[in-house]
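Undergrad: In this note's numbering, the protein residues as written are 89 to 830.
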């Protein structure tokens, strides 16, 4: 080749190199852009977090406001002695109200209180005190009414929501406690000895109670389970397989009656969606779930901890317990529970205190005010034309606060028992004649026509407007009352009900409605034709002119905090693994490969004593140190990132075990000893300490990328609900990384 041709070829290669290699200014610009994008993304993330937090606080103020009257009691607790306590760190106490429960002899119906996560056995005092006072003040004279003997279980305030093993241990102790409590009545004649107990549980105590009665022999010893703020559908923390296994165990129908009382959106610890009862678990003859916003006499959402001391709720629970204890069969107990918790009672006929109401349409509504609070409702309606004949009717209760300008519900007080209205709906064949109304318990205050309007529209439309005929029913006074009823989805229909009333439309025209995942305001199928029902009771002389409905995007953001809080665990893991797998893993493996080649070359080269001693050529000494540390650091960094995001999954277990050991070191919590939970991590760390590196260099990058991609995709798609699946998958990834390094 001639010199000219050689120089020409070299010139072309130089031009190609200039075209392929970007200038330094372009590389610097790309670096600056990348950093700006990172900073901007971080800033937007902080702003979004602040926005969600602001929406959450606003939603609690608007939709989650609640009001309850404080309860008072004079408690005393007496330890129940065991001949051989199966779980010594747990105990059972007998509650007595000082000044009322003077007779210490057990002769009533046993009620066992089960506390929830970190709950105290002393939380029984509010309901037990109310039951004792109601029995002494009037119920003791009624036929068949028995005194209630309250027992409460001391779980040492264990964190049952964090550990499935703790929950299983508590369920096992409940079984022994039921048998032990029934043995306390052996001194009574055989016909007077109780054969069943009633379980009253708060929060996760309801799950422990359901797990205990899953066995047939224990289930036959329990007549009814009343749960308060219990997450029946999904656990509050889905990070353990043991907890998921418990929920699968209790997903089958139970033998005792199951009543679930939910605090609604005011409960910030338990997602209100999971408090419902699916119809596959509880049929209409086996129990029901209801929200405190729709319980007559309560009319308010209730905070998680306040569920056990809210006076309006505890009075109703105590009253229901007293009457169900006197009931002789299952259907009677369920009917009593529906009466006090859902307002579904059978009215007794009445012939005195009559009223005549003019008929204005074929659909009529009658409003009546109770003469006394919490009395048996008597009501009779007859349609009179040529002659009078009794007609069937539907009925319900509405809150009617005394003070119009006060917020509803009033914080610290709530609604008084007498601040209610009874509405009666009647359907007539002809709009003629008059209605003959008789009631000893209520006084008729207003009557008028009822109109039902169906609105079908997209939920994303800006507004939904109706003309002046928007009113559906008539109401007393100049202030209208709006009632929002969430129609449950098909798999919850008949088992869960929720309604909420807004009696102050004039003072607060903006009303925030919400529904749940299980009862969205959409038409899902023909079996559930209506998504939600809105009833407006108003004065005919002053009707509402417009009903405007819009979507509240800030309220939607607020629900993320409670409904999707497990994102805080699963998505950071997914993002971290995704970044490691896409950006750093290839570089780490390449650096490890180069490091191994260099180490291999040093291993087969001529061993120079001067190099080993380092006395003659000091320039190579920093190179050896840098390559050794760099290769080792890259390997450990990749392992550290994966392990770092797995710490929160075991933090709760460590917290439960450490607290149990601190509180009672003689009887610590039993833990699992599965080598598969720690083996892959220990093996990988040991290999990194020994200085091992990937041996299968051709497939290591693709294999590691695929395993990390599977883990990242699972965390994104399923980590919110089935978070417990991520640690086993992470262990498999760690085992894969260890396998390519052996």
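Ideal Cβ placement from N, Cα and C applies to all residues, glycine included.
What number of angstroms, rounded off, separates the C-alpha of residue 273 from the C-alpha of residue 170?
TA: For residue 273 and residue 170, the distance between alpha carbons rounds to 15 Å.
Undergrad: What is the rounded straight-line gap between the Cα of residue 152 and the Cα of residue 505?
TA: Each residue's alpha carbon lies about 22 Å from the other.
Undergrad: Grouping DSSP H, G and I as helix and E and B as strand, with all else coil, what is residue 335?
TA: Correct three-state label for residue 335: helix.
Undergrad: Can you confirm whether the stretch 426-444 touches the stretch 241-261 when touching is taken to mean that 3 or more C-beta pairs between the two stretches lie within less than 8 Å?
TA: These segments do not touch.
Undergrad: What does the Cβ neighbour count give for residue 444, buried or exposed, with the cut at 16 atoms within 10 Å?
TA: Classification of residue 444: exposed, given that the 10 Å Cβ count is below 16.
Undergrad: Is it true that the CB of residue 651 sits closer than 8 Å to the CB of residue 359?
TA: A contact, by the Cβ cut-off of 8 Å.
Undergrad: How many angstroms separate the CA atom of residue 391 from the CA atom of residue 180?
TA: Rounded to whole angstroms, residue 391 to residue 180 spans 27 Å at the Cα level.
Undergrad: To the nearest angstrom, report how far apart residue 159 and residue 216 are at their CA atoms.
TA: Cα to Cα, the separation comes out at about 11 Å.
Undergrad: Using DSSP with H/G/I as helix, E/B as strand and the rest coil, what is residue 777?
TA: Residue 777: helix per DSSP, three-state reduction.
Undergrad: Less than 7 Å separating the Cβ of residue 440 from some heavy atom of the ligand MG?
TA: The ligand MG is absent from the structure shown, which contains no ligands of any kind.
Undergrad: Give the secondary structure of residue 275 by DSSP, where H, G and I count as helix, E and B as strand, and everything else as coil.
TA: In the structure shown, residue 275 sits in coil (DSSP, three-state: anything other than H, G, I, E or B).
Undergrad: Among 473, 155, 454, whose alpha-carbon lies nearest the alpha-carbon of residue 389?
TA: Nearest option by C-alpha distance: 155.
Undergrad: Using a 10 Å radius around the Cβ and a threshold of 16 neighbouring Cβ atoms, would you call residue 829 buried or exposed?
TA: Buried, because 16 or more other Cβ atoms sit within 10 Å of the Cβ of residue 829.
Undergrad: Going by C-alpha to C-alpha distance, which of 268, 225, 207 sits closest to residue 255?
TA: Nearest C-alpha to residue 255: 207.
Undergrad: How many Å lie between residue 813 and residue 295 at the Cα?
TA: C-alpha separation (whole angstroms): 21 Å.
Undergrad: DSSP three-state label for residue 829, please.
TA: Coil.
Undergrad: Classify residue 520 as buried or exposed, calling it buried when 16 or more other Cβ atoms lie within 10 Å of its own Cβ.
TA: Answer is exposed; the Cβ neighbour count stays below 16.
Undergrad: Taking only the alpha-carbon atoms, compute the straight-line gap between residue 276 and residue 189 and give it to the nearest angstrom.
TA: Cα to Cα, the separation comes out at about 18 Å.
Undergrad: Are the stretch 507-521 and the stretch 478-495 touching, with three or more C-beta to C-beta distances below 8 Å?
TA: Judged by Cβ distances under 8 Å, the stretch 507-521 makes contact with the stretch 478-495, as three or more pairs qualify.
Undergrad: According to the Cβ coordinates, are residue 446 and residue 526 closer than 8 Å?
TA: Cβ atoms of residue 446 and residue 526: not closer than 8 Å.
Undergrad: Are the beta-carbon atoms belonging to residue 236 and residue 413 less than 8 Å from one another?
TA: Closer than 8 Å, so yes.
Undergrad: As an exercise, report each continuous beta strand (DSSP E) stretch of at least 3 residues that is fully enclosed by the stretch 298-370, in chain order.
TA: Entirely contained in the stretch 298-370, the beta strand (DSSP E) runs reaching 3 residues are, in chain order, 310-316, 345-350.
Undergrad: Rounded to whole angstroms, how far is the Cβ of residue 637 from the Cβ of residue 523, which I believe are closer than 8 Å?
TA: Contact flag wrong, Cβ pair sits at about 33 Å.
Undergrad: Given residue 421, which residues of its chain have a CB within under 8 Å of its CB, disregarding the five upstream and five downstream residues?
TA: Taken in chain order, the residues that qualify are 311, 312, 345, 412, 415.
Undergrad: Quick one: Cα of residue 622 to Cα of residue 571, how far?
TA: C-alpha separation (whole angstroms): 6 Å.
Undergrad: What span of residues does the alpha helix (DSSP H) with residue 413 cover, start to end?
TA: From DSSP, the alpha helix (DSSP H) with residue 413 extends over 399-414.
Undergrad: Hey, residue 822 and residue 772: beta-carbon distance below 8 Å or not?
TA: Yes, the Cβ-Cβ distance between residue 822 and residue 772 is below 8 Å.
Undergrad: Quick check on residue 615: does DSSP put it in helix, strand or coil?
TA: With a pLDDT of only 46 at residue 615, under the threshold of 50, the placement of this residue in the model should not be trusted; the figure read from the coordinates follows. Three-state DSSP puts residue 615 in coil, outside helix and strand.
Undergrad: Hey, residue 361 and residue 321: beta-carbon distance below 8 Å or not?
TA: Contact: yes.
Undergrad: For residue 289 versus residue 297, is the C-beta distance shorter than 8 Å?
TA: Yes, the pair counts as a contact, with Cβ atoms nearer than the cut-off.
Undergrad: Assuming contact is defined by CB atoms lying nearer than 8 Å, are residue 300 and residue 262 in contact in what I supplied?
TA: Taking 8 Å as the Cβ cut-off, residue 300 and residue 262 qualify as a contacting pair.
Undergrad: Can you tell me whether residue 172 is buried or exposed? The criterion is at least 16 other CB atoms within 10 Å of its CB, across all chains shown.
TA: Exposed, because fewer than 16 other Cβ atoms sit within 10 Å of the Cβ of residue 172.
Undergrad: Whole angstroms are fine: how far does the CA of residue 816 sit from the CA of residue 137?
TA: Near 30 Å, if we compare the C-alpha coordinates of residue 816 and residue 137.
Undergrad: Across which residues does DSSP place residue 286 in a beta bridge pair?
TA: Paired residues: 199, 312.
Undergrad: Could you check how far apart the C-beta atoms of residue 287 and residue 202 are, in whole angstroms? I think they sit under 8 Å.
TA: Indeed they touch by this definition, with Cβ atoms about 6 Å apart.
Undergrad: Could you tell me which residues DSSP pairs with residue 164 in its beta bridges?
TA: The partner list for residue 164 (beta bridge, DSSP) reads 184.
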